[in-house]
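Novice: Numbering (this note's numbering), first residue to last: 40 to 264. Structure in structure tokens, see below.
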Ligand code: AMP
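Structure representation (structure tokens):
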């Protein structure tokens with residue numbers, strides 16, 4: 040399936056924007072599962088490439104470990120290549136992250152933005168730092184926990200699959216600061232790009248998860264915004 044097909048039919052693309060730690064991954068994957076969207080995360084795709092030691096992964100690794108963005112052409116090729124293989128409506132998590140990526144995505148999806156919705160999750164930096172520093176991820180299934188806010192039932196292991204929980208290399212405090220800086224510098228133009236096109240809807244990301252999910256559900260079903 041091509042990019043044009045994705046918006047040419049009744050299908051929709053929901054783009055999640057927001058700083059690291061705002062809960063994009065958690066909210067986007069939950070909504071995807073509930074509403075029948077394919078969940079496409081550029082970070083997950085990159086980490087799979089790094090883990091699989093593909094040439095793309097080898098190239099991307101040093102940027103990711105430093106908290107920097109991976110070059111646009113590399114990420115865009117990877118994401119659009121993956122979208123080509125996906126059927127049905129998609130939720131995008133973590134892409135686009137720069138203006139160049141947003142423009143490439145628009146070109147890929149074809150003229151206009153019919154069927155495209157942008158959810159812009161926001162929160163203050165201090166809130167994001169605390170949340171990222173406590174984030175734990177399951178090695179088995181990728182489920183996300185938080186040491187304080189969303190702890191697993193048993194310390195160190197996943198409620199769903201029993202997998203080991205770990206802290207992401209780039210969730211260390213010194214890398215978190217760099218990632219937030221990069222976000223503010225690179226991604227503000229992406230938000231502006233979608234705001235100017237009246238596609239972006241701001242959703243507070245610092246509320247209880249259920250509240251944020253409910254706001255996003257309403258947006259997706261066209262109830263508000
Ligand atoms: P995430 O899981 O979305 O926080 O992404 C983890 C890391 O992967 C980021 O810190 C970047 O180094 C890289 N990355 C993910 N998505 C993108 C993107 N759209 N553009 C550039 N780098 C990305």
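C-beta: ideal position from N, C-alpha, C; glycine also. Given the structure is predicted, the values throughout are model-derived calculations rather than measurements.
#1: Identify the residues that DSSP records as bridge partners of residue 78: which are they?
#2: What number of angstroms, rounded off, separates the C-alpha of residue 24 from the C-alpha of residue 261?
#3: Just mark residue 48 as buried or exposed, buried being the case when its beta carbon has 16 or more other beta carbons within 10 Å.
#4: Regarding residue 117 and the ligand AMP, is the C-beta to nearest heavy atom distance less than 7 angstroms?
#5: Using CA coordinates, which residue listed in 92, 216, 56, 74 is at the minimum distance from residue 81?
#6: How far does the alpha helix (DSSP H) with residue 111 in it extend, from its first residue to its last?
#7: State yes or no: is the C-beta of residue 61 within less than 8 angstroms of the C-beta of residue 244?
#8: Is residue 81 near the ligand AMP - that is, is its Cβ less than 7 angstroms away from at least one heavy atom of it?
#9: Do residue 167 and residue 59 have their C-beta atoms within less than 8 angstroms of each other?
Specialist: According to the data block:
#1: Position 39 of the chain shown, counted from the first residue, corresponds to residue 78. Partner(s): 130.
#2: Here the chain covers residues 40 to 264 and nothing more, so residue 24 does not appear.
#3: As a first step, residue 48 is located in the chain shown; it is residue number 9 there, counting from the start. Because the pLDDT at residue 48 is just 43, under 50, the model does not fix this residue reliably, and the point stays unresolved.
#4: Residue 117 sits at position 78 when you count from the first residue of the chain shown. It does not: the Cβ of residue 117 is nowhere closer than 7 angstroms to a heavy atom of the ligand AMP.
#5: Numbered from its first residue, the chain shown carries residue 81 at position 42. It is 56 whose Cα lies nearest to the Cα of residue 81.
#6: By one-based count along the chain shown, residue 111 stands at place 72. Run containing residue 111: 111 to 122, per the alpha helix (DSSP H) assignment.
#7: Locating residue 61 in the chain shown gives position 22, counting from the first residue. Locating residue 244 in the chain shown gives position 205, counting from the first residue. A contact, by the Cβ cut-off of 8 angstroms.
#8: The count along the chain shown starts at 1 and reaches residue 81 at position 42. Yes, the beta carbon of residue 81 sits closer than 7 angstroms to at least one heavy atom of the ligand AMP.
#9: By one-based count along the chain shown, residue 167 stands at place 128. By one-based count along the chain shown, residue 59 stands at place 20. For residue 167 and residue 59, yes; Cβs fall inside 8 angstroms.
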